[in-house]
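Going by this note's numbering, the first residue of the sequence shown is number -13, and it counts up by one from there.
All residues carry an ideal CB built from backbone N, CA and C; glycine is no exception.
Small disclaimer: the values here were computed from a predicted structure and weren't measured.
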Amino acid sequence: MTPSKTDPRVLRTRRLLREALVQLMEERGMDNFSVQELADQATIKRATFYLHYEDKQALLDEYIGELLQELRDAVSTSEADGEGFDYLRGEPHPSFVKLFHHIAERYSVYYAMLVRNRVPQLASGMLHVIHDFVSDGMAFAQPDDSLLTARREVAVKYAEAAILEVVIWWIEKQMPYEERDIAAQLMNLSILGPYKVLPQQKPRA
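In structure tokens, the structure reads:
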């Protein structure tokens, strides 16, 4: 009989495997360790690994799927949240702060998968989550396309790509700004545009 996924022994084994996966990915890279080495790092038997996963890619796929769902849950906004928030006030949306909080709490995981390895599946999945977040935010802030200064789809693509790259940079640089601070900076850049941060006049020589 196959143990239930909620069995404490199963949960412990999967936790150990995930911790070992992240550590080995950070130290060696995803392609440079075997299932046996992964099992050894997790202090379990190789046969036990295969009771849970077909291969290490299956373990990674499951982990990434759960990470992305947690990220989506963290940044999800209701219609009430959007309508009650002033996007031009200069303050970061609470869900935007939650995005960085989610990453900060799992820093070693995101460092291993986005900086040390740059796992395409995680990066593309995050881009989809950020796309929906930006698209929903723009719809709440300005639902009328005729009042936008750029095509909506172009603005969303621009913002989502910029946000993801800044997130990766923030992780790579070991989170040099507090979660709320980096969220506020990105919020202002996304809404006002990068050139709005420049002074109105050039300094005199």
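Residue i: buried (16+ other C-beta within 10 angstroms of its C-beta) or exposed?
| i | result |
| --- | --- |
| T(-1) | buried |
| A66 | Summary for A66: the model assigns pLDDT 46, below 50, so the residue's position carries little reliability, and this model does not support an answer. |
| H79 | buried |
| K84 | buried |
| A125 | exposed |
| P(-6) | exposed |
| V120 | buried |
Using beta-carbon positions only, say whether residue i and residue j come within less than 8 Å of one another.
| i | j | result |
| --- | --- | --- |
| A145 | S176 | yes |
| M112 | L54 | yes |
| D130 | R138 | no |
| H87 | E164 | no |
| V95 | V8 | yes |
| L10 | F35 | no |
| I149 | I116 | yes |
| Q128 | I50 | no |
Using CA coordinates, which residue listed in the options is at the minimum distance from residue i?
| i | options | result |
| --- | --- | --- |
| A44 | V21, E56, L54, S62 | V21 |
| E12 | G179, R166, E158, N174 | E158 |
| V(-4) | H38, V101, E77 | H38 |
| Q160 | V101, D26, Q27 | V101 |
| N103 | N18, L3, I30, R4 | N18 |
| G123 | P162, A90, M173 | M173 |
| V171 | E77, H114, R58 | Here residue 171 is Gln; the residue named in the question, Val, does not match the sequence. Closest by alpha carbon: E77. |
| R1 | E48, R14, E40, G15 | E48 |
| W156 | Y97, L133, A147, D26 | Y97 |
| E56 | L134, D26, E91 | E91 |
What's the gap between the Cα of residue i and the Cα of residue j?
| i | j | result |
| --- | --- | --- |
| F82 | A169 | 6 Å |
| A60 | Y93 | 15 Å |
| A136 | R32 | 55 Å |
| V142 | A28 | 41 Å |
| T(-8) | K42 | 21 Å |
| V105 | L178 | 31 Å |
| L46 | M99 | 10 Å |
| D118 | A6 | 32 Å |
| R58 | H114 | 9 Å |
| E40 | S62 | 32 Å |
| F71 | E151 | 25 Å |
| I30 | V140 | 49 Å |
| L133 | P162 | 36 Å |
| G15 | A147 | 25 Å |
| E52 | D26 | 24 Å |
Compare the C-beta of residue i with all C-beta atoms of chain B and state if any pair is closer than 8 Å.
| i | result |
| --- | --- |
| D130 | No chain B appears in the structure shown, which is made up of a single protein chain. |
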